[in-house]
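Asks: Under numbering that gives the first Met the number 0, the letters of the sequence shown match residues 0 to 494, in that order. All C-beta atoms, glycine included, are put in the ideal place defined by N, C-alpha and C. Before we start, here is the structure in question, set down as structure tokens.
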Amino acid sequence: MAGTYGAARYLLEDQPRTLFPLKLTRILVEQSEAALYNEIERILKTDPKKENTGFLTQIRCHAAKCGLHSRRTLKLDPVAELFVYDLVYRERATFRPSRRPDRKRFGYTFRGGRPTPATTSYGKFREAVRGASARFKYYLGVDIASYFNSIYHHDLVFWFDAGRNAKEVEKFGRYFREIVGGRSVDCLPQGLHPCKMIGADFLKRVDAHHRLKCALMLRFMDDMYLFDDDYEVLQEDFLLLQRYLGDRGLSLNAEKTTSGEGPLQAKTTIDEVKIQLLELRRAALEWEYGQLHQVGAEATAEKTEPLTEEQTEYLKELLDEDEIDEEDAELVLSLVGERAEDALDQLIGIFEDFPALARSVYAVAGHIGDKTELCAQLGRIAKERRALTEDQLFWATKIAEDYLGSSHETLELVARLHSHPASTDLTKAKVLEIPWADLDDMREEYLKGGRSDWLAWSSAIGTRRVARMKRNQLLKYYGKASPMNQIVAGCVRRM
Numbered sequence: 000m001a002g003t004y005g006a007a008r009y010l011l012e013d014q015p016r017t018l019f020p021l022k023l024t025r026i027l028v029e030q031s032e033a034a035l036y037n038e039i040e041r042i043l044k045t046d047p048k049k050e051n052t053g054f055l056t057q058i059r060c061h062a063a064k065c066g067l068h069s070r071r072t073l074k075l076d077p078v079a080e081l082f083v084y085d086l087v088y089r090e091r092a093t094f095r096p097s098r099r100p101d102r103k104r105f106g107y108t109f110r111g112g113r114p115t116p117a118t119t120s121y122g123k124f125r126e127a128v129r130g131a132s133a134r135f136k137y138y139l140g141v142d143i144a145s146y147f148n149s150i151y152h153h154d155l156v157f158w159f160d161a162g163r164n165a166k167e168v169e170k171f172g173r174y175f176r177e178i179v180g181g182r183s184v185d186c187l188p189q190g191l192h193p194c195k196m197i198g199a200d201f202l203k204r205v206d207a208h209h210r211l212k213c214a215l216m217l218r219f220m221d222d223m224y225l226f227d228d229d230y231e232v233l234q235e236d237f238l239l240l241q242r243y244l245g246d247r248g249l250s251l252n253a254e255k256t257t258s259g260e261g262p263l264q265a266k267t268t269i270d271e272v273k274i275q276l277l278e279l280r281r282a283a284l285e286w287e288y289g290q291l292h293q294v295g296a297e298a299t300a301e302k303t304e305p306l307t308e309e310q311t312e313y314l315k316e317l318l319d320e321d322e323i324d325e326e327d328a329e330l331v332l333s334l335v336g337e338r339a340e341d342a343l344d345q346l347i348g349i350f351e352d353f354p355a356l357a358r359s360v361y362a363v364a365g366h367i368g369d370k371t372e373l374c375a376q377l378g379r380i381a382k383e384r385r386a387l388t389e390d391q392l393f394w395a396t397k398i399a400e401d402y403l404g405s406s407h408e409t410l411e412l413v414a415r416l417h418s419h420p421a422s423t424d425l426t427k428a429k430v431l432e433i434p435w436a437d438l439d440d441m442r443e444e445y446l447k448g449g450r451s452d453w454l455a456w457s458s459a460i461g462t463r464r465v466a467r468m469k470r471n472q473l474l475k476y477y478g479k480a481s482p483m484n485q486i487v488a489g490c491v492r493r494m
């Protein structure tokens with residue numbers, strides 16, 4: 000794999016940014032890529048009408064949004080995940096940006112055989128929106144409500160069918176049908192770059208609609224801005240968009256629809272220091288996404304300018320607020336870096352109160368000085384709070400694995416996370432794949448009885464540091480339960 004760029008590298012570089020990045024997938028793609036491709040080939044050679052085989056129906060998971068709101072999506076097994084990266088990578092030349100100067104689409108393309116940085120594209124999109132709002136008298140901003148969850152399977156296949164090879168279209172349709180168990184809607188997974196590519200390109204027919212009259216349309220994914228000097232033109236286009244999208248089961252988000260006259264301005268209530276910090280945050284994120292791999296706080300700190308004394312004091316004041324809002328909390332976490340060392344109480348408060356920021360707390364948790372107290376506070380949350388999200392349980396486990404070591408207290412924490420009332424197969428799998436010897440008894444029950452699911456696969460990968468003879472004996476019969484079990488067992492036995 001070294002020295003070449005293909006679907007596997009595409010997946011591995013994107014994987015740290017996916018919603019719930021389990022090490023199981025990374026290990027299998029790194030160590031058993033050929034076996035995964037062999038399984039994909041075996042599946043595609045079968046006839047789903049005659050044989051009881053195919054891509055597995057994937058489990059549902061829920062990524063945190065604002066408050067306790069969540070977005071429903073799928074957690075793909077390694078075979079299904081590699082397939083969609085391979086599919087989009089092979090078809091990358093067909094994902095073309097719009098050539099019309101009055102209908103511009105930003106983001107989610109390939110250049111030089113590699114994906115373009117999405118955040119750089121989003122920055123250019125926002126810059127273009129600001130510029131257009133100064134040139135035209137009126138603007139209209141819209142986005143689609145629950146976009147990925149609302150796309151119908153037959154519409155997705157119809158879009159993909161445009162000029163592509165019939166066999167590839169058949170594979171595409173079969174894959175997106177089987178991973179959701181034959182459901183006709185909500186079949187496009189979220190959080191994966193190739194699926195974002197599909198979602199962005201799916202709306203290109205909107206850009207090209209012959210009846211749109213506005214002088215300029217700018218789009219990033221499902222975030223659209225229309226501009227014209229005649230407000231009635233925008234009203235006509237607004238009605239047309241709703242009819243066109245409605246025919247495909249899609250609707251516009253009423254709460255996010257904006258329109259007005261004159262240049263779009265930043266909120267005047269935001270003070271100058273906060274504007275400076277927001278610009279630093281955007282620069283850090285642009286560089287981070289541009290590399291398409293996980294970047295730690297140290298690397299971000301090296302790339303971005305050091306904060307001034309005034310900016311540092313502003314962050315401290317935000318952290319010390321009794322009721323910090325989610326937007327300010329996200330700003331703090333994106334820039335706090337090494338300053339997190341003495342901010343344990345504040346960061347724990349953010350982790351507890353803002354589930355969507357659990358991942359951001361993980362990103363800076365390595366800088367916290369008192370790891371013993373960090374472990375104790377996470378244990379307290381797991382003990383006292385029944386209403387925890389998958390994000391909180393998953394990223395608390397990641398903090399334990401990567402930063403807290405395998406002490407008795409840490410083992411108690413991960414055991415509590417595993418048995419938490421809100422735990423799911425996904426969050427339990429995160430615990431089971433940690434290769435600590437003290438978790439072997441917990442894993443053993445999932446390795447027996449012919450199971451073939453995330454709990455069994457993660458338990459098998461979690462044995463990778465067990466003595467070879469004992470490990471191979473455990474996996475000998477485990478691998479016979481299913482093709483996926485066989486791939487995982489074969490990978491671990493070779494490690």
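In angstroms, rounded to a whole number, what distance separates the CA positions of Met216 and Pro114?
Replies: 24 Å
Asks: Rounded to whole angstroms, what's the CA-CA distance from Leu187 to Arg89? Just pull it up for me.
Replies: 18 Å
Asks: Using DSSP's beta-bridge definition, name the partner residues of His61.
Replies: According to the DSSP secondary-structure assignment, His61 is paired through a beta bridge with Arg71.
Asks: What distance in whole Å lies between the Cβ atoms of Ala364 and Leu496, which are believed to be in contact at a cut-off of 8 Å?
Replies: In the structure as shown, the chain starts at 0 and stops at 494, and residue 496 therefore has no counterpart that could be examined.
Asks: Below 7 Å CB to CB, which residues in the same chain sit around Asp154 once its five sequence neighbours on both sides are set aside?
Replies: Arg247
Asks: Would you report the Cα separation of Pro234 and Phe135, rounded to the nearest angstrom?
Replies: Checking the sequence shown, residue 234 turns out to be Gln, not Pro. Distance from the CA atom of Gln234 to the CA atom of Phe135, rounded to whole angstroms, is 15 Å.
Asks: Any idea which residues DSSP pairs Met223 with across the strands?
Replies: Among the bridge pairs identified by DSSP, Met223 is matched with Val141, Arg218.
Asks: Using the beta-carbon count (16 or more within 10 Å), is Asp401 buried or exposed?
Replies: Flag for Asp401 reads exposed.
Asks: Rounding to the nearest angstrom, what Cα-Cα distance links Met441 and Leu431 in this structure?
Replies: 8 Å
Asks: Buried or exposed for Glu254, going by 16 or more other Cβ atoms inside 10 Å?
Replies: exposed
Asks: Suppose the cutoff is 7 Å on Cβ atoms and the five residues either side in sequence are ignored; what does the same chain contact list for Phe507 look like?
Replies: One cannot answer for residue 507 here, as it falls past the ends of the chain, which runs 0 to 494.
Asks: What's the call for Ala459, buried or exposed, on a 16-neighbour Cβ count within 10 Å?
Replies: buried
Asks: Do you know how far the Cα of Phe147 is from the Cα of Ile197?
Replies: 10 Å
Asks: State yes or no: is the C-beta of Leu377 within less than 8 Å of the C-beta of Leu412?
Replies: yes
Asks: Who are the Cβ neighbours of Arg102 in its own chain at under 6 Å, not counting the five residues just before and after it?
Replies: Asp206, Met216
Asks: At the level of alpha carbons, what is the spacing between Gln345 and Ser422?
Replies: 25 Å
Asks: Specify the secondary structure class of Glu287 as computed by DSSP and reduced to three states.
Replies: The predicted position of Glu287 is uncertain, since its pLDDT is 38 and thus under 50; no value can be drawn from it.
Asks: Please determine if the stretch 104–111 and the stretch 30–46 are in contact, where contact requires at least 3 C-beta pairs separated by less than 8 Å.
Replies: no
Asks: Buried or exposed: Pro47, going by 16 or more other Cβ atoms within 10 Å of its Cβ?
Replies: exposed
Asks: Per DSSP, which residues does Tyr151 bridge with? Please list them.
Replies: Val184
Asks: To which residues of the same chain is Tyr288 closer than 8 Å at the C-beta, ignoring the five residues directly before and after it?
Replies: Below a pLDDT of 50, predicted positions are generally treated as unreliable, and Tyr288, at 36, falls in that range; the measurement from the model is reported next regardless. Within its own chain, the residues whose Cβ lies closer than 8 Å to the Cβ of Tyr288, once the five positions on either side in sequence are excluded, are Arg16, Pro116, Ala117, Thr118, Thr119, listed in chain order.
Asks: Would you tell me roughly how many angstroms separate the C-alpha atoms of Ala466 and Tyr476, rounded to the nearest one?
Replies: Each residue's alpha carbon lies about 17 Å from the other.
Asks: What separation, rounded to the nearest whole angstrom, lies between the Cα atoms of Gln485 and Arg110?
Replies: One C-alpha to the other measures close to 37 Å.
Asks: Quick one: using the 10 Å Cβ neighbour count with 16 as the cut-off for buried, is Thr45 buried or exposed?
Replies: exposed
Asks: Within the same chain, show all residues whose beta-carbon is closer than 7 Å to that of Thr3, passing over the 5 residues directly before and after it, in chain order.
Replies: none
Asks: Near Met220, what residues of its chain come up, given a Cβ to Cβ distance below 6 Å and the 5 sequence neighbours on each side ignored?
Replies: Ala199
Asks: Residues in its own chain within less than 6 Å of Glu351 by CB, not counting five upstream and five downstream?
Replies: Ile380
Asks: Quick check: what's the CA-CA separation for Leu240 versus Tyr224?
Replies: 12 Å
Asks: Buried or exposed, going by whether 16 or more other CB atoms sit within 10 Å of the CB of Ala7?
Replies: buried
Asks: Might you give, ordered along the chain, the residues of its own chain that have their beta carbon closer than 8 Å to the beta carbon of Gly112, omitting 5 neighbours on each side?
Replies: Tyr4, Arg91
Asks: Just tell me which of Ile178, Phe393, Trp453, Gly66 has its CA closest to the CA of Thr72.
Replies: Per the Cα distances, Ile178.
Asks: Contact between the stretch 392–409 and the stretch 27–38: three or more CB pairs below 8 Å?
Replies: No, the stretch 392–409 is not in contact with the stretch 27–38.
Asks: Which ranges would you report for the alpha helix (DSSP H) in the stretch 383–462 if only whole runs of at least 4 residues count?
Replies: 389–398, 407–417, 424–431, 439–446, 453–460
Asks: Can you say whether Glu126 is buried or exposed, counting buried as having 16 or more other CB atoms within 10 angstroms of its CB?
Replies: Glu126 counts as exposed, since fewer than 16 other C-beta atoms from the protein chains shown sit within 10 angstroms of its C-beta.
Asks: Give me the Cα-Cα distance between Leu10 and Ala33, rounded to the nearest whole angstrom.
Replies: Approximately 15 Å between the Cα atoms of the pair.
Asks: Pick out whichever of Arg70, Gly449, Leu425, Arg95 has its Cα sitting closest to the Cα of Lys203.
Replies: With distances taken between Cα atoms, Lys203 lies closest to Arg95.
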